[in-house]
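Data first, discussion second: the structure below is written as structure tokens.
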Amino acid sequence: MTSLSTIPHAQVLAELRAIVGDKACIDVAADMQPFTTDYRKLYHGRALAVVLPADTQQVSAVLALCFKHNVPVVPQGGNTSLMGGAVPDAAGNAVVLNLRRMNQVLEIDVVNDTMTLQAGVTLQSARAAAEEAGRLFPLRIGSEGSCQIGGNLSTNAGGTAVLRYGNMRDLTLGIEAVLPDGRIYSSLRGLRKDNTGYDLKQLFIGSEGTLGIITAAVLKLMPLPSATAAAWIAVRDPHAAVELLGEAKRVAGQAVTAFELISGPALTLVLESMPQLSAPLPSAHDWMVLIELTSGGDAEGLDATLMQILEQGMERGLVTDAAIAASIADTRAFWMLREEISDAQTRTGGSIKCDISIPLSKIADFIADASAEVLALAPDARMVIYGHMGDGNVHFNPLRPKDVSAADFLAANYARVSHAVDGLATAQNGSISAEHGIGVAKRDDLLQCKSPVELELMWQVKRALDPKNLLNPAKVLPVPEGMA
Ligand code: S2G
Ligand code: ZN
């Protein structure tokens with residue numbers, strides 16, 4: 100165990116217990132395991148201790164102690180990171196600081212349309228609290244039952260409603276965060292306009308716990324839609340999907356809430372993995388779209404709008420079949436098929452995750468080019484391609500063939516396939532991580548897609564806020580050659 104600490108670990112543990120209490124300080128390896136292994140069970144770290152602080156003051160005291168004694172700290176919410184961003188490395192000298200005990204909704208102001216809550220509130224609880232108050236908190240991702248608001252903020256989470264409502268940066272008015280030295284930064288103001296100096300909250304949002312630990316936030320609330328219309332549509336190809344999206348925006352404008360692309364292999368994977376689910380269309384298709392419209396108006400009007408989009412799509416040869424949700428249960432069934440794609444990959448193993456965003460005008464060509472490159476490298480890979488086409492973001496996740504083990508498929512293909520796909524995205528001025536963040540999985544890939552000036556600036560910010568490099572060390576920022 101390589102220790103950086105200036106005092107014996109036993110003393111660190113004693114001081115941690117004095118801050119958070121015995122029960123909230125775990126140091127038995129077996130008990131720490133759920134906190135030191137990532138969601139996809141790809142990263143298996145070790146920790147000096149896991150602490151579960153009850154409030155911001157305890158977070159501050161823990162960070163001040165660790166800063167004083169050079170003890171690295173790994174912030175953790177629901178531990179649903181796909182990029183290894185929320186678990187320690189194998190050195191065993193870090194403290195994992197898990198926020199799940201800080202799970203209170205502090206205020207809902209329905210006149211100001213804001214919700215103030217602690218970072219450890221799960222996304223599902225936050226959405227439920229908003230709905231109880233007659234409002235919508237619109238962030239929607241499959242892991243909502245376990246992911247926490249703090250983690251959604253630290254990765255600037257997106258999900259399936261970004262097209263209409265934006266991502267966490269767009270949904271946040273203020274945050275509270277604890278700096279590596281224990282100082283508390285607070286901008287918990289519910290103001291939609293505040294031009295008083297730098298917008299510091301945006302430094303912490305999306306920084307993956309490397310600049311400060313977000314402990315609370317003020318989030319925007321939206322009107323609860325009174326009408327929802329959804330359809331599962333078979334489209335000719337991704338180009339047709341892009342054209343159909345243009346038609347939907349022309350006809351329905353802001354009402355277009357979600358527009359998800361799903362490849363045939365992605366749906367097949369879900370149906371094979373969950374045989375109790377029904378296929379949404381009578382026959383198989385190479386490309387499909389799940390579209391959802393919502394509005395504050397009447398359901399009949401919205402249904403008519405959806406029908407108009409489908410008729411136009413049929414007339415223009417973009418749409419070859421469609422199933423329209425006849426009830427909320429149908430809509431939920433469509434979303435379950437879509438949201439199961441992620442877990443079905445985790446259960447199957449051998450998924451090469453490329454979370455790409457590309458200008459919408461180029462996304463169809465990218466899908467064709469990347470598919471050709473991947474199939475040249477791994478001819479039998481299952482082309483699990485799906486996601487938020489409306490935001491120019493697709494999860495381009497080649498998956499192992501059934502007769503090849505995950506270990507063999509990843510060993511043979513992970514590096515070259517992800518390099519090829521990321522390289523194509525970068526060449527199109529796209530992003531190699533649209534919503535999942537960098538963690539450790541994509542850290543060194545930033546050397547290929549970030550300019551030296553961008554990396555220098557990020558390191559300058561990191562050094563200014565975390566001069567001892569103790570907070571979530573070795574995450575996000577690669578060390579450029581020659582840099583000390
Ligand atoms: C999605 C979930 C993570 C994954 O389903 O939209 O962001 O497995 C993904 O790709
Ligand atoms: Zn996604």
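Under this note's numbering, the very last position in the sequence shown is 583; numbers go up by exactly one each time.
We treat Cβ as the ideally placed atom computed from N, Cα and C, and that holds for glycine.
Secondary structure of Ala189 (DSSP, three-state): coil.
Considering only Ala153, Ile106, Leu409, Pro133, the residue with the shortest C-alpha distance to Asp121 is Ala153.
Contact fails between the stretch 485-503 and the stretch 545-554, because fewer than three Cβ pairs, one in each stretch, are under 8 Å apart. Taking the C-beta atoms as reference points, Ala329 is found nearer than 7 Å to Ala424. Counting only the Cα atoms, Leu576 lies some 10 Å from Ser306. Secondary structure of Gly249 (DSSP, three-state): helix. In this structure, the beta-carbon distance from Val473 to Ile408 does not fall below 7 Å.
A Cβ-Cβ distance of about 3 Å is found for the pair Gly281 and Ala163, placing them in contact under the 8 Å criterion. A Cβ-Cβ distance of about 6 Å is found for the pair Leu238 and Ala256, placing them in contact under the 8 Å criterion. Secondary structure note for Glu206: its beta strand (DSSP E) is the uninterrupted segment 204-208.
The C-alpha of Ser285 lies about 6 Å from the C-alpha of Ile274. For Pro458, same chain residues with a beta-carbon under 8 Å away, outside a window of 5 residues either side, are Gly491, Gln527, Asn528, Gly529 in chain order. The closest heavy atom of the ligand ZN lies less than 6 Å from the beta carbon of Gly486. Residues of the same chain with a CB within less than 6 Å of the CB of Gly289, apart from the 5 flanking positions on each side, are Asn211, Thr213, Leu272, Val317 in chain order.
Secondary structure of Ala480 (DSSP, three-state): coil. When distances are taken from the beta-carbon of Gly241 to the heavy atoms of the ligand S2G, the shortest one is below 6 Å. DSSP, reduced to helix, strand and coil, places Ala351 within a helical segment of the structure shown. If you look at Glu275, you'll find it in the beta strand (DSSP E) that goes 271-277.
In this structure, Pro324 sits away from Leu569, with a CB-CB distance that is not shorter than 7 Å. DSSP lists no beta-bridge partner residue for Gln375.
In this structure, Ile361 is the residue among Ile361, Ile304, Glu231 with its C-alpha nearest to the C-alpha of Pro379. When secondary structure is reduced to three states using DSSP, Lys319 falls in the strand class.
In its chain, beyond the 5 residues on either side, Arg268 have a beta carbon closer than 7 Å to the beta carbon of Gln301. Here DSSP, grouped into helix, strand and coil, assigns Tyr485 to strand. About 6 Å separates the beta carbon of Ile207 from that of Ala228, a gap short enough to meet the 8 Å contact definition. Secondary structure of Val560 (DSSP, three-state): helix. Take the alpha-carbon of Asp420 and the one of Glu399: they are about 22 Å apart. Per the Cβ contact rule, the stretch 369-379 is not in contact with the stretch 344-358 (fewer than 3 Cβ pairs under 8 Å). Around the beta carbon of Met435, a 10 Å sphere encloses fewer than 16 other beta carbons of the protein chains shown; the residue is thus reported as exposed. The three-state secondary structure of Asp420, taken from DSSP, is strand. Boundaries of the alpha helix (DSSP H) around Tyr513: 505-526. Within its own chain, the residues whose Cβ lies closer than 6 Å to the Cβ of Ser450, once the five positions on either side in sequence are excluded, are Gln444, Asn496, Leu498, listed in chain order. Counting C-beta pairs closer than 8 Å gives fewer than three between the stretch 515-526 and the stretch 550-559, which falls short of the contact rule. Under the DSSP assignment, His108 falls outside any beta strand (DSSP E), being part of the alpha helix (DSSP H) whose first and last residues are 108-119.
Under the 10 Å beta carbon count, Pro579 is surrounded by fewer than 16 other beta carbons and is classified as exposed.
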